[in-house]
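Peer 1: Below you'll find the structure I mean.
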Amino acid sequence: MSKPLHPLALFRLSVLGPLASRGNLEHGEVKAIVRELASKNYNIPDSRRTHLSAPTIMRWYYDWLRGGIEALAPNVRSDKGHTQLPAEVQNAALQLKKDNPSRSLNTIISMCKLQGIVAKDGLPRASLHRFLRQQQLSKRVIADALTIERRSFVATHANDIWHGDVLHGPVVQTSTGRRKTYLVSLLDDASRLITHSAFCLGETALDIEGVLKQAILKRGLCSKLIIDNGSAYRAVTLQSICALLNIRLVYCQPYEPQGKGKIEKFHSTFRGHFLNEIDLNKISGLDDLNVRLWAWLEQIYHCRPHEGLQGKTPIDRWREDLLHIKPLGFIANKIDDIFYHRHKRLVRKDATVSWGGTFYEVPFTQVGETVELVVDPHTETALKIESIFGDDLGPVTSLDKTTNLNRKRQRPNSPPKSTVKSGINSVELALKKYSQLCGIPRKEEEEE
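Everything in the sequence shown is counted per the numbering used here, starting at 345 for the first residue and increasing by one.
Pasting the structure below:
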């Protein structure tokens, strides 16, 4: 039984068709045909390239003349099954992978560079992958079995689309004991830049609002914000903030993490390059963890070439669109006010309103009126009251009953004393005149 032909040999013979189908050719004719063949586009098997060089086609032609189509089959490497990596690199890669099996190839390469084992570009990723696969240490990739149609997309400019999501973080020590943390992040679609990210003690809409405010102050306004579909993120406060800032709020479909591919990819990178490398025993608290996070983002993640950006770094790609970034403008002066929460309250007869179990005094002129109590949700502080139309009605203060004991009360204005006397004289005069007409003696006359 004859040996089956290699598919690549058939492809190479198809390229050589104009040469192989003709008889004896002069050397000049061969070169002219080869130049013409090199100017065409080809669908090369197992390759993204579409062009072939003239020397390559010339080599195939002479191989075919010497050995026929079998000579066009690719040669099997003599070192197949063996690696060309130095022993020092092999040992380091094996140790790094065994110490932390979840480490990615990029992380292992970066750590080898930091240790001085390899040069800056001295460890090809493919070579490392083949070596770890031979050692049965490479991770198995599970194919996506979902049949929902998905399309890759990218925003035209930076700040057109931001993605928001939450990643479960480590447990840290706080003033109230050990608490679980959550990483709240906002990622720019066009540049993959993290506009802001912070570890929080919750994953509520308030946490998203805090990160969103910092992102806007640092990177300007976005046009669209895509976040999870959880009930916590459908808070009226978050929707109101986005409406005031003219940000379109979009919710992802539930149970479809593939729709958040870009930020999920960031989470994967974050786990491998940050969470897997920090020593939690050296973390003193939430602030310490956030400082390390921000240093890693600005000095490593934002400055590292990104495969999805054709080798550009996220910060360089974001800076390319500075002319398209929407500045805060006059909004900057009232950015705090936009992120305050407002609660509708009826002013009681003693000129107080309540919020969070605490009573606050308001101007006495608002008694009986329905007002909006303005609070800072992050500091849990009541600040002022507004009318239902947004007019400022004055500040609020905590109720102090002890101070109110000696506080002078406001009363309606009393009529002037002259007016009172005039009124009494008129009555007496009327009574006297009435008595005279009726012939009834008055008390003063009887005494006389």
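Where a beta carbon is used, it is the ideal one built from N, C-alpha and C, also for glycine.
(1) Taking the alpha-carbon positions, what's the L349 to L467 distance?
(2) At least one CB of chain C closer than 8 Å to the CB of R477: is that the case?
(3) Restricting to runs no shorter than 4 residues, where is the alpha helix (DSSP H) found entirely within the segment 659-729?
(4) For L530, tell me which candidate among I675, L472, F610 and R410 has the shortest Cα-Cα distance.
(5) Compute the Euclidean distance between the alpha carbons of V840 and L527, then round it to the nearest angstrom.
(6) Per DSSP, which residues does D509 bridge with? Please list them.
(7) How would you call G412, buried or exposed, if buried means at least 16 neighbouring beta carbons within 10 angstroms?
(8) Leaving out the 5 sequence neighbours to the left and right, which residues in its chain are closer than 6 Å to S766 when beta-carbon positions are compared?
(9) Just the C-alpha distance for L727 and I644, rounded to the nearest angstrom, thanks.
(10) Measuring CA to CA, which of G361, N419 and G700 is closest to I311?
(11) Can you give me the start and stop residues for the alpha helix (DSSP H) that S824 sits inside?
(12) Considering only residues of the same chain and omitting the five flanking positions on each side of I461, which have a CB-CB separation below 7 Å?
(13) Starting from V594, trace the beta strand (DSSP E) in both directions and tell me its first and last residue.
(14) Going along the chain, which residues of its own chain have a beta-carbon closer than 6 Å to the beta-carbon of N385, five neighbours each way excluded?
(15) CA-CA distance, C544 and C566?
(16) According to DSSP, P739 sits in a beta bridge with which residue or residues?
(17) Since I believe L429 is in contact with S471 (beta carbons under 8 Å), could you give me their beta-carbon distance rounded to a whole number of angstroms?
(18) Hey, Y684 and V740 are a contact pair by Cβ (cut 8 Å); roughly how many whole angstroms apart?
(19) As a quick exercise: from K604, Y405, V719 and Q480, pick the residue whose alpha carbon is nearest that of K442.
(20) Roughly how many angstroms lie between the CA atoms of S742 and T702, to the nearest whole one?
(21) Of all the options R403, N368, R392 and S391, which has the alpha carbon lying nearest to the alpha carbon of R379?
(22) Let me make sure I understand the geometry here. Which of K752, T518 and I585 has the alpha-carbon closest to that of A549?
(23) Please state whether DSSP places S612 in a helix, a strand or coil.
(24) Using 10 angstroms around the beta-carbon of D533, count the other beta-carbons present and answer buried if the total reaches 16, otherwise exposed.
(25) Assuming L357 is part of the alpha helix (DSSP H), what are its boundary residues?
(26) Helix or strand or just coil, what does DSSP make of G521?
(27) What does a CB cutoff of less than 6 Å around A579 pick up in its chain, not counting 5 residues either side in sequence?
(28) At what residues does the beta strand (DSSP E) containing I538 begin and finish?
(29) Exposed or buried, what is I679 when buried is set at 16 or more other beta-carbons lying within 10 Å of its beta-carbon?
(30) Assuming E730 contacts V711 under a Cβ cut-off of 8 Å, what Cβ separation, rounded to an integer in Å, is found between them?
(31) What's the call for S446, buried or exposed, on a 16-neighbour Cβ count within 10 Å?
(32) With distance defined between alpha-carbon atoms, name the residue in R522, T520 and V594 nearest to Y504.
(33) Counting only the same chain and skipping the five closest in sequence on each side, list residues whose C-beta sits under 7 Å from that of K688.
(34) Please list, in chain order, all residues of the same chain as R484 whose beta carbon is under 6 Å from its beta carbon, the five residues on each side excluded.
(35) For H512, which residues in the same chain have their Cβ closer than 7 Å to its Cβ, ignoring the five residues on either side in sequence?
(36) Considering only C-alpha positions, which residue in the set P671, S496 and D632 is nearest to K604?
Peer 2: In short, the structure shows the following:
(1) C-alpha separation (whole angstroms): 35 Å.
(2) This model lacks chain C altogether, as it is built from one protein chain only.
(3) Taking only runs of at least 4 residues, the alpha helix (DSSP H) segments lying wholly in the segment 659-729 are 679-683.
(4) A check of alpha carbon separations from L530 across I675, L472, F610 and R410 identifies F610 as the nearest.
(5) The question about residue 840 has no answer, for the chain in this structure spans 345 to 792.
(6) Looking at the DSSP output, D509 shares a beta bridge with S529.
(7) Burial call: exposed.
(8) For S766, the predicted structure reports a pLDDT of 46, less than 50, and the residue's modelled location is therefore unreliable. A value from the coordinates is still provided. There are no such residues.
(9) Looking at the two C-alpha atoms, the distance is approximately 40 Å.
(10) Residue 311 is absent from the model: the chain starts at 345 and stops at 792.
(11) The structure shown has nothing for residue 824, since the chain only spans 345 to 792.
(12) Result list for I461: E432, V433 and A436, in chain order.
(13) For V594, the enclosing beta strand (DSSP E) covers residues R592 to Y595.
(14) Cβ neighbours of N385 within its own chain (closer than 6 Å, five residues either side excluded): T394.
(15) Each residue's Cα considered, the two are about 22 Å apart.
(16) According to DSSP, which records beta bridges pairwise, P739 is partnered with K728.
(17) The C-beta separation of S471 from L429 comes to about 6 Å, placing the pair in contact by the 8 Å criterion.
(18) Between V740 and Y684 the Cβ distance is about 13 Å, and since that is not below 8 Å, they are no contact.
(19) Comparing Cα positions, the closest option is Q480.
(20) Put simply, the backbone Cα of S742 is about 8 Å away from that of T702.
(21) The candidate whose alpha carbon is nearest that of R379 is R403.
(22) Selected option, being the one with the closest Cα: I585.
(23) In this structure, DSSP gives S612 a helical state, which the three-state scheme calls helix.
(24) Burial call: buried.
(25) Going by DSSP, L357 is part of the alpha helix (DSSP H) stretching over P351 to V359.
(26) In the structure shown, G521 sits in a strand (DSSP, three-state: E or B).
(27) Residues A549 of the same chain have their beta carbon placed closer than 6 Å to that of A579, with the five preceding and five following residues left out of the count.
(28) Start and end: I538 to C544.
(29) By the neighbour-count definition (other C-beta atoms within 10 Å, threshold 16), I679 is an exposed residue.
(30) Taking 8 Å as the upper bound for CB-CB distance, E730 and V711 are not in contact here, some 16 Å apart.
(31) Counting Cβ neighbours within 10 Å, S446 comes out exposed, since fewer than 16 surround it.
(32) The sequence given here places Asp at residue 504; Tyr does not occur at that position. V594 is the residue among R522, T520 and V594 whose C-alpha sits nearest the C-alpha of D504.
(33) T714 and E716.
(34) Caution is warranted here: a pLDDT of 47 is assigned to R484, below 50, making its placement in the model unreliable, and the coordinate value is therefore given only provisionally. Nothing meets the Cβ criterion.
(35) Once the five neighbours on either side are set aside, the close Cβ partners of H512 are Y526.
(36) Looking at the Cα atoms, S496 is the closest of the given residues.
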